[in-house]
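Per the working numbering, residue 3 is the first one in the sequence shown, and the count goes up by one each step.
For reference, the structure is listed below as structure tokens.
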Amino acid sequence: MNAELASKLDQLKRVARELVAPGKGILAADESTGTIKKRLDSVGVESTEETRRRYREILLTTSGAEEFISGVILFDETLRQSTRDGVPFSQHLKSQGVIPGIKVDAGAKPLAGHPGEKVTEGLDGLRDRLSEYADLGAQFAKWRGVITIDAAKGLPSDYCLTANAHALARYAALCQEAGIVPIVEPEVLMDSDNSIEVCEDVTNRTLNTVFQALFEHGVALEGILLKPNMVIAGKQAKRQAGPQEVAEATVRCLNRHVPAAVPGIVFLSGGQSDELATEHLNLMNRMGPHPWELSFSYGRALQAPALKTWAGDEGKAEAAQRAFYHRARCNGAARHGEWSA
Ligand code: 13P
Numbered sequence: 003m004n005a006e007l008a009s010k011l012d013q014l015k016r017v018a019r020e021l022v023a024p025g026k027g028i029l030a031a032d033e034s035t036g037t038i039k040k041r042l043d044s045v046g047v048e049s050t051e052e053t054r055r056r057y058r059e060i061l062l063t064t065s066g067a068e069e070f071i072s073g074v075i076l077f078d079e080t081l082r083q084s085t086r087d088g089v090p091f092s093q094h095l096k097s098q099g100v101i102p103g104i105k106v107d108a109g110a111k112p113l114a115g116h117p118g119e120k121v122t123e124g125l126d127g128l129r130d131r132l133s134e135y136a137d138l139g140a141q142f143a144k145w146r147g148v149i150t151i152d153a154a155k156g157l158p159s160d161y162c163l164t165a166n167a168h169a170l171a172r173y174a175a176l177c178q179e180a181g182i183v184p185i186v187e188p189e190v191l192m193d194s195d196n197s198i199e200v201c202e203d204v205t206n207r208t209l210n211t212v213f214q215a216l217f218e219h220g221v222a223l224e225g226i227l228l229k230p231n232m233v234i235a236g237k238q239a240k241r242q243a244g245p246q247e248v249a250e251a252t253v254r255c256l257n258r259h260v261p262a263a264v265p266g267i268v269f270l271s272g273g274q275s276d277e278l279a280t281e282h283l284n285l286m287n288r289m290g291p292h293p294w295e296l297s298f299s300y301g302r303a304l305q306a307p308a309l310k311t312w313a314g315d316e317g318k319a320e321a322a323q324r325a326f327y328h329r330a331r332c333n334g335a336a337r338h339g340e341w342s343a
């Protein structure tokens, strides 16, 4: 490890551990402008700068949620926005003891020469952007690589795994240089018709490739968080694996590939229902103790009921906050394996 990184490591470790403090996890509210438009469209709300701000404000000002939410991943636009009272969101979060984070990738784009596969862009100029984000209050960051399963076409290719792992590792090294904790997110998508066994195989290959790249880039594992998919059957699969099977396959896969130096694993929900995402996390924590904290960094599984309840109606804002609080509390309980439906 180089001397510069060694001097920053204590801070990186401290923030990483705070993000996976007992009973707490992360809210992913970092949908890009295109993705949040889809979410708002789904409840009949036009996506404007103000509706995006107001929707995020409802989530971020839910009182009591800070008991279960350690950090929030924001999109660039949101990090620059403020509450109705003019308090920048990053300051508001800090005042609640919640750590502001920022999505820094520029999205998954088609991987040239590999039809059907993607690689995530955003490395150019990242060093300067990270320094600006640190000035704006961000203490951790996220970069998402996307891995598509298509068994008929032999996907994912090894090249796709390597290209995405390389980008994730370069991003992670730059974050640590800037004193920002990188969340390393290699997401094996669950949109296909593959079995849970195929997902386990692809997730094994993906994590193996990612940790090799992190090692080669000199990333300090004590100062990162891993944000993986769970090992689960594709949404279109004829046989859906049960919750216990998902929990066991996921823990087996993580045990094989994630070094104990990594302080925490924060799952994405990836299109699972909110209840199932909670149930899976709960079961995995019941199987502990594990070498790392097993926590959440859910987007849809934390937000879906709140978004549906609000649907642009100011009169429903408080009910939406109650819906968000409920999901946060359920996932907080699942951190201890103490959730019940
Ligand atoms: P989901 O939980 O909706 O998958 O979102 C998490 C996330 O941040 C994906 O990058």
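Each residue gets a CB set at the ideal place from its N, CA and C atoms; glycine is no exception.
For residue i, three-class secondary structure by DSSP
i	result
Arg241	coil
Thr64	coil
Thr50	coil
Glu295	strand
Ile38	helix
Phe70	coil
Pro307	helix
Lys26	coil
Lys229	coil
Ala140	coil
Leu125	coil
Gly334	helix
Ile198	helix
Val248	helix
Val212	helix
Val183	strand
Ser44	coil
Val204	helix
Trp312	helix
Gly317	helix
His219	coil
Glu340	coil
Val17	helix
Gln323	helix
His328	helix
Ala262	coil
Val100	coil
His168	helix
Gln178	helix
Residues bridged to residue i (per DSSP)
i	result
Asp12	In the DSSP output, where bridge partners are listed per residue, Asp12 has none listed.
Val190	Ile149
Ala31	Leu76
Tyr57	None; Tyr57 has no bridge partner.
Ser84	Pro90
Lys105	Lys144
Leu344	The question about residue 344 has no answer, for the chain in this structure spans 3 to 343.
Lys111	Val121
Val268	Ser297
Cut-off 7 Å between Cβ atoms - residues of its own chain near residue i, not counting five sequence neighbours on either side
i	result
Gly25	Phe70, Gly334, Arg337, His338
Pro293	Ala262
Arg254	none
Lys237	Met192, Asp193, Gly273
Arg19	Pro265
Ala215	Ala167, His168, Leu170, Ala171
Met232	Val248, Thr252, Phe269, His282
Leu228	Val186, Val260, Val264, Ile267
Lys10	Gln178, Gly181
Ala153	Asn196, Val200
Ser155	According to the sequence as given, residue 155 is Lys; it is not Ser. So the list reads Gly118, once near-sequence residues are dropped.
Same chain, Cβ closer than 8 Å to residue i, five either side skipped, listed in chain order
i	result
Gly220	Met3, Asn4, Leu7, Ala175
Ala343	Glu277, Glu281
Ser159	His116, Glu119
Pro245	Leu278, Glu281, His282, Leu285
Ala31	Arg58, Leu61, Leu62, Val74, Ile75, Leu76, Phe77, Thr80, Gly301, Gln305
Chain B contact for residue i (CB, 8 Å cutoff)
i	result
Ala319	Any reference to chain B falls outside this structure, which holds one protein chain only.
Any non-hydrogen atom of the ligand MG closer than 7 Å to residue i Cβ
i	result
Leu270	With respect to the ligand MG, the structure offers nothing, as its ligand set consists of the ligand 13P.
Close Cβ partners of residue i (< 6 Å) along its chain, the five nearest in sequence each way excluded
i	result
Pro188	Gly147, Thr208, Val212
Check: Can we say the segment 52-60 touches the segment 110-124, given the rule of at least three CB pairs closer than 8 Å?
Finding: no
Note to self: For the pair the segment 283-298 and the segment 319-326, tell me if three or more CB-CB distances fall below 8 Å.
What the structure shows: By the Cβ criterion, the segment 283-298 is not in contact with the segment 319-326, since fewer than three pairs of Cβ atoms, one from each stretch, lie closer than 8 Å.
Margin query: Taking 8 Å as the cut-off, does the segment 138-151 touch the segment 99-114 (at least 3 CB pairs, one atom from each stretch)?
Written below: yes
Next item on the list: Count the CB pairs spanning the segment 78-92 and the segment 50-57 that are closer than 8 Å, and state whether there are at least three.
Entry: yes
Check: Counting pairs of beta carbons, one from the segment 10-21 and one from the segment 179-187, are three or more of them closer than 8 Å?
Finding: Output reads yes: the segment 179-187 touches the segment 10-21.
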